[in-house]
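Worksheet for the structure shown next.
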């Protein structure tokens, strides 16, 4: 059974997953930043194995940004990413957010679209370490889905 574990700041398990996915697999050099110290970190565990991570950062009282969403290779294509996003959106709602933002890798846009995220910046694409990204948003009170 998948279990969520939230904490403040970067946990060793979240760091392990992000190094595996973003640094080794995708080649990012600047993966860790000052937001890691204060962000709400989520790690999903299958039994005692950390399998996915993401973080929440407050933009304003009604808006949180979801970032650093990563699922380890053996657990992809099994809805783990969808579960992770639902837990993060639910936590943002609990904290008073009405909107969630993601700065998504462009090739992951369809995944976020299926979860109710939409383009709100006119479809402007920017780059992070040479990888195209796009800002997406979700109204946290529209089209609520439950995966649990």
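In our numbering, the protein residues as written are 340 to 487.
Where a beta carbon is used, it is the ideal one built from N, C-alpha and C, also for glycine.
Bear in mind that the values here come from a model prediction, so they are computed numbers and not experimental data.
8 Å contact criterion, which residue 345 and residue 381 should meet: CB distance rounded: On the chain shown, residue 345 is found 6 positions in, with the first residue counted as 1. On the chain shown, residue 381 is found 42 positions in, with the first residue counted as 1. Confirmed, Cβ separation roughly 5 Å.
C-beta contact flag for residue 472 and residue 434 at 8 Å: Locating residue 472 in the chain shown gives position 133, counting from the first residue. Locating residue 434 in the chain shown gives position 95, counting from the first residue. Contact flag unset, no.
Cα-Cα separation, residue 450 to residue 436: Counted from its first residue, the chain shown places residue 450 at position 111. Counted from its first residue, the chain shown places residue 436 at position 97. Each residue's Cα considered, the two are about 22 Å apart.
Contained beta strand (DSSP E) runs [length at least 3] in the segment 364-414, N- to C-terminal order: For the segment 364-414, whole beta strand (DSSP E) runs of length 3 or above, ordered along the chain, are 379-385, 388-399 and 402-410.
Nearest-angstrom Cα separation, counted from residue 404 out to residue 439: If you number the chain shown from 1, residue 439 lands on position 100. If you number the chain shown from 1, residue 404 lands on position 65. Per the coordinates, the alpha-carbon of residue 439 lies some 6 Å from the alpha-carbon of residue 404.
Whole-Å CB distance - residue 392 paired with residue 406, under 8 Å assumed: To locate residue 392, count along the chain shown from 1; it is residue 53. To locate residue 406, count along the chain shown from 1; it is residue 67. Residue 392 to residue 406, Cβ: 10 Å. No contact.
Classification of residue 469 by the beta-carbon crowding that lies within 10 angstroms, buried from 16 upward: The residue you call residue 469 lines up with position 130 of the chain shown. Per the 10 Å Cβ criterion, exposed.
Below-8 Å beta-carbon distance, residue 362 vs any chain D residue: Of the chains in the structure shown, none is chain D; there is only one protein chain.
Rounded distance between the beta-carbons of residue 389 and residue 352, thought under 8 Å: For the purposes of this step, residue 352 is taken as the residue at position 13 of the chain shown. For the purposes of this step, residue 389 is taken as the residue at position 50 of the chain shown. The pair is a contact, with the Cβ atoms about 4 Å apart (cut-off 8 Å).
Endpoints, alpha helix (DSSP H) assigned at residue 448: Counting from 1 along the chain shown, the entry for residue 448 is found at position 109. 448-453 is the extent of the alpha helix (DSSP H) around residue 448.
Assigned exposure category for residue 477 - 16 Cβ within 10 Å defines buried: Position 138 of the chain shown, counted from the start, is the residue given in the question as residue 477. In summary, residue 477 is buried, with 16 or more beta-carbon neighbours lying within 10 Å of its beta-carbon over all protein chains present.
Counted within 10 angstroms of its Cβ, other Cβ atoms place residue 430 as buried (16 or more) or exposed: Position 91 of the chain shown, counting from 1, holds the residue named residue 430. It is buried - the Cβ of residue 430 has at least 16 other Cβ atoms within 10 Å.
Residue 360 - partner residues in DSSP beta bridges: Within the chain shown, residue 360 is the residue found at index 21, counting from 1. Answer is none; residue 360 lacks a bridge partner.
Buried versus exposed, by CB contacts within 10 Å (16 or more), residue 366: On the chain shown, position 27 is the one that residue 366 refers to. By the 10 Å Cβ count, residue 366 comes out exposed.
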